[in-house]
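Residue numbers (this note's numbering): 2 to 214.
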């Protein structure tokens, strides 16, 4: 289910997930770090492009997670590593992502998963979307106005990177995860990570992230 939002200086509507209906609200955005100081030329150009933008949200199988589509690229689709995931306690991961840092400044955000064109945000159950969602919109607008990349530096090795010392079975498992299973899981706003293979039992260990947890 998609919900579309149009922004200039105000959020015109937000979704009340608890009652599963649309509530008409107007929430003024405090453009922290943008309106309080003079913008650089780069920021000014970026802000002209982001002043009015559509942000779509999409439900996921997890009621505590929502996918946010800003209508522009989030991560580089042509790069080898085009996903990012962090929980609130992953300080090292957050440090290399300006967008994640903005989102974790929102009270109630538990984890952030980024794809090429969307951001999946998972909140703590005790917080309500009607309060958290407007702050997430503001955080995303501030990020795109800054002109900074969503992630400034990627890890050099992915979980499905095939190494020369991987056995044939492990290499096949990694390839299957990367080409067949991961795209389907990412479609629901989550991801699946290879964690290990036990040749004695034949059990493959994986880690689910994003909207899958």
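We put the CB at the ideal spot given by N, CA and C, even for glycine.
Computed from a predicted structure; not experimentally measured.
Considering only the beta carbon of each residue, do residue 153 and residue 73 sit closer than 7 Å?
no
Quick check: the Cα distance between residue 210 and residue 135, rounded to an integer number of angstroms?
23 Å
May I have the straight-line CA-CA distance separating residue 115 from residue 151, to the nearest angstrom?
9 Å
Would you decide whether residue 199 is buried or exposed? Buried here means 16 or more other CB atoms lie within 10 Å of its CB.
Looking at its Cβ environment, which holds fewer than 16 other Cβ atoms inside 10 Å, residue 199 is exposed.
Beta-carbon gap between residue 103 and residue 144 smaller than 7 Å:
yes
When the Cα atoms are used, what is the spatial distance from residue 195 to residue 131?
So the alpha carbons of these two residues sit roughly 35 Å apart.
Which residue wins for smallest C-alpha separation from residue 68, given the options 119, 187, 168, 159?
The residue with the shortest Cα to Cα distance from residue 68 is 119.
Cα-Cα separation between residue 133 and residue 203, rounded to whole angstroms:
43 Å
Check the C-beta distance from residue 163 over to residue 175 and give it rounded, since I have them as a contact under 8 Å.
Taking 8 Å as the upper bound for CB-CB distance, residue 163 and residue 175 are in contact here, some 5 Å apart.
The alpha helix (DSSP H) that contains residue 100, what's its start and end?
99–105
Helix, strand or coil for residue 112, going by three-state DSSP, please let me know.
strand
Mapping the DSSP letters down to three states, classify residue 183 as helix, strand or coil.
helix
Beta-carbon spacing of residue 124, residue 109 below 7 Å
yes
By the three-class DSSP mapping on this structure, what secondary structure does residue 139 have?
helix
Assuming residue 192 contacts residue 61 (C-beta within less than 8 Å), just tell me the rounded distance between them.
The Cβ separation is near 12 Å, so there is no contact.
Of the choices 205, 161, 190, 207, whose alpha-carbon is the least far from that of residue 213?
For the residues 205, 161, 190, 207, the minimum Cα distance to residue 213 belongs to 190.
Candidates 201, 99, 206: which alpha carbon is nearest residue 141's?
99
By how many angstroms is the C-alpha of residue 173 removed from the C-alpha of residue 161?
10 Å
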